[in-house]
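Peer 1: I am attaching a structure below and will ask some questions about it afterwards.
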Amino acid sequence: MDKYKIAAIGDIFYKIEKMIEDLAEYYGDDIDENSSLKVRPGYGYDKFYLDWVEGSYDMSLQSLINFMLQEHHHYKKLLSKETYKKVTKFNKSWPEGIFDFGDDEEEQQIINDIECTVICGVRITLKKYGFSYQNFLDAGYDIESILPHISPNNLVYTTVISPYNFRDDLEEYINKNELSEDDKEKIIEIVKESGDNIELATILYPKYLELSNTLLQLAITDCTKKSGCSQLAFNIKKLGASESLLGELELFKSKL
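Below, the structure is given as C-alpha cells:
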C-alpha cells in the first residue's frame, strides 16, 4: 500500500478517534443508542455527525474525512498536481458537494479506500465506547478480518490502525488453534502491506517455521540499508532460522 495512503488513514483515524473519546468523556456513564454523535471540529461548515454514513453527503462522516484530507494536506500527496488543483478549487466553491473524479478510477479508488478504512475504524471505536453503530452495519461498513477468528478488523485497519492488537490476538490464537493454509496466505498479505516482518516472524517461530522463514525472506527483500541488514541478521540468528537465509542476506547486503 502506498505510504501516503497509510499516513492519511492513520492521521485521519486518530483525529476522529480523539473526537469519539471526547464524546465518551462528555456522556460518561450515560452513553446509549440515542447519544448524539454530532461534533464541531472546526473543518468546513463545522458540524458533522460521526454516524451519518449513508444518505446525504452534507455533514456526513465521509464529508468530514474529505475536509480533513484537504485541511491536513493529504490530498496534495495522494493526488496528481492537476487533480489536486481541481479538488481544491471544487471544495472551496462547493464545500457541500462531492468531487467527481470522472474517468480517473485510480485516484477515486485511493479516496474510496481511505474513506472505507477510516469508517470501519470509527465503527469499531464507537462499539468500543458503547455508542450505537447500527448505521454502519446497515450501510455495509461491517468488513470482517481477512484472518478469521483473530481480529474483527479489515486488512488495512489491522495493519495501520491497530497492529499491536493484531499481534497480540495472533499470538493468543496460535497457542490454541492451527492456522489453515488460507490463514498463512493472509498473514503474508498483511506483512506485505505493513512491513511487520520481524515481529510476526517472532510470534510464529518455531511452531510455524516455514512461514516464519518466509516472513524473514520478505524482510531481506525490503531491507535497504546495510545497518538494517545487520539488525536483520541478528534477528534471524536469534530466531534460529536457516543458514541459507543468512547467506542470502550477506549476498544481498554486499549489493547495497
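Here the sequence shown stands for residues -11 to 244, numbered as in this note's numbering. We treat Cβ as the ideally placed atom computed from N, Cα and C, and that holds for glycine. Fair warning: this is a prediction, and the values are worked out from it, not measured in the lab.
Kindly indicate which residue of Ser81, Leu114, Tyr(-8) has the alpha-carbon position closest to the one of Lys6.
Peer 2: Closest option to Lys6, Cα to Cα, is Leu114.
Peer 1: Leaving out five residues on either side along the sequence, give the residues of the same chain with a beta carbon under 6 Å from the beta carbon of Phe36.
Peer 2: Excluding positions up to five away in sequence, the list reads Val27, Met47, Leu52.
Peer 1: Between the region 86 to 100 and the region 62 to 71, do at least 3 Cβ pairs fall closer than 8 Å?
Peer 2: In short, these stretches touch, since the Cβ pair count reaches three.
Peer 1: Could you check what DSSP says for Tyr2 in three-state terms: helix, strand or coil?
Peer 2: If DSSP states are grouped into helix, strand and coil, Tyr2 belongs with the helices.
Peer 1: Report the residue from Asp92, Met56, Glu94 whose alpha carbon sits nearest the alpha carbon of Thr76.
Peer 2: It is Met56 whose Cα lies nearest to the Cα of Thr76.
Peer 1: For Gly109, is the classification buried or exposed, using 16 other Cβ atoms within 10 angstroms of its Cβ as the cut-off for buried?
Peer 2: With 16 or more Cβ atoms within 10 Å of its Cβ, Gly109 is classed as buried.
Peer 1: List in chain order: all unbroken alpha helix (DSSP H) runs of 4+ residues lying wholly within the region 47 to 92.
Peer 2: As far as the region 47 to 92 is concerned, its whole alpha helix (DSSP H) runs of at least 4 residues are 49 to 59, 62 to 66, 69 to 81.
Peer 1: With DSSP run on the structure shown, which of helix, strand or coil describes Tyr193?
Peer 2: Tyr193: coil per DSSP, three-state reduction.
Peer 1: Sorted by chain position, which residues of the same chain lie with C-beta nearer than 7 Å to Phe119's C-beta, five sequence neighbours on each side aside?
Peer 2: So the list reads Ile19, Ser23, Leu25, once near-sequence residues are dropped.
Peer 1: Could you tell me the alpha carbon to alpha carbon distance between Phe87 and Arg111, rounded to whole angstroms?
Peer 2: Using only the alpha carbons, I get a separation of about 25 Å.
Peer 1: Report the option in Asp92, Leu199, Asp156, Asn54 whose CA atom is closest to the CA atom of Ser168.
Peer 2: If we check each option's Cα against that of Ser168, Leu199 comes out closest.
Peer 1: Using only CA atoms, which one of Thr202, Glu59, Asp91 lies nearest to Thr71?
Peer 2: It is Asp91.
Peer 1: By the 10 Å Cβ neighbour count, where 16 or more other Cβ atoms means buried, how is Thr209 classified, buried or exposed?
Peer 2: Exposed is the call here.
Peer 1: What did DSSP end up calling Phe124 once you bin it into helix, strand or coil?
Peer 2: In this structure, Phe124 counts as helix in the three-state DSSP scheme.
Peer 1: Within the same chain, show all residues whose beta-carbon is closer than 7 Å to that of Tyr196, passing over the 5 residues directly before and after it, in chain order.
Peer 2: Around Tyr196: Leu167.
Peer 1: By the three-class DSSP mapping on this structure, what secondary structure does Ser215 have?
Peer 2: Residue confidence for Ser215 is low, a pLDDT of 49 falling below 50, so the modelled location carries little weight and cannot support an answer.
Peer 1: Can you tell me whether Trp40 is buried or exposed, with buried defined as 16 or more other CB within 10 angstroms of its CB?
Peer 2: Buried: at least 16 other Cβ atoms inside 10 Å.
Peer 1: Could you tell me the alpha carbon to alpha carbon distance between Asp171 and Gln205, rounded to whole angstroms?
Peer 2: The straight-line gap from Cα to Cα measures roughly 18 Å.
Peer 1: Measure from the alpha carbon of Pro29 to the alpha carbon of each residue in Tyr14, Lys3, Lys180, Asp17, then state which is nearest.
Peer 2: Out of Tyr14, Lys3, Lys180, Asp17, Lys3 has the C-alpha closest to the C-alpha of Pro29.
Peer 1: Please classify Gln58: is it buried, with 16 or more other beta-carbons within 10 angstroms of its beta-carbon, or exposed?
Peer 2: By the 10 Å Cβ count, Gln58 comes out buried.
Peer 1: Kindly indicate which three-state DSSP category Lys26 falls into: helix, strand or coil?
Peer 2: The answer is strand: DSSP assigns Lys26 an E or B state.
Peer 1: Can you give the beta carbon distance from Val106 to Ile(-6), rounded, assuming they're within the 8 Å contact cut?
Peer 2: That belief does not hold up - the Cβ atoms of Val106 and Ile(-6) are roughly 12 Å apart, past 8 Å.
Peer 1: Quick one: what does DSSP say Tyr37 is sitting in, helix, strand or coil?
Peer 2: In this structure, Tyr37 counts as strand in the three-state DSSP scheme.
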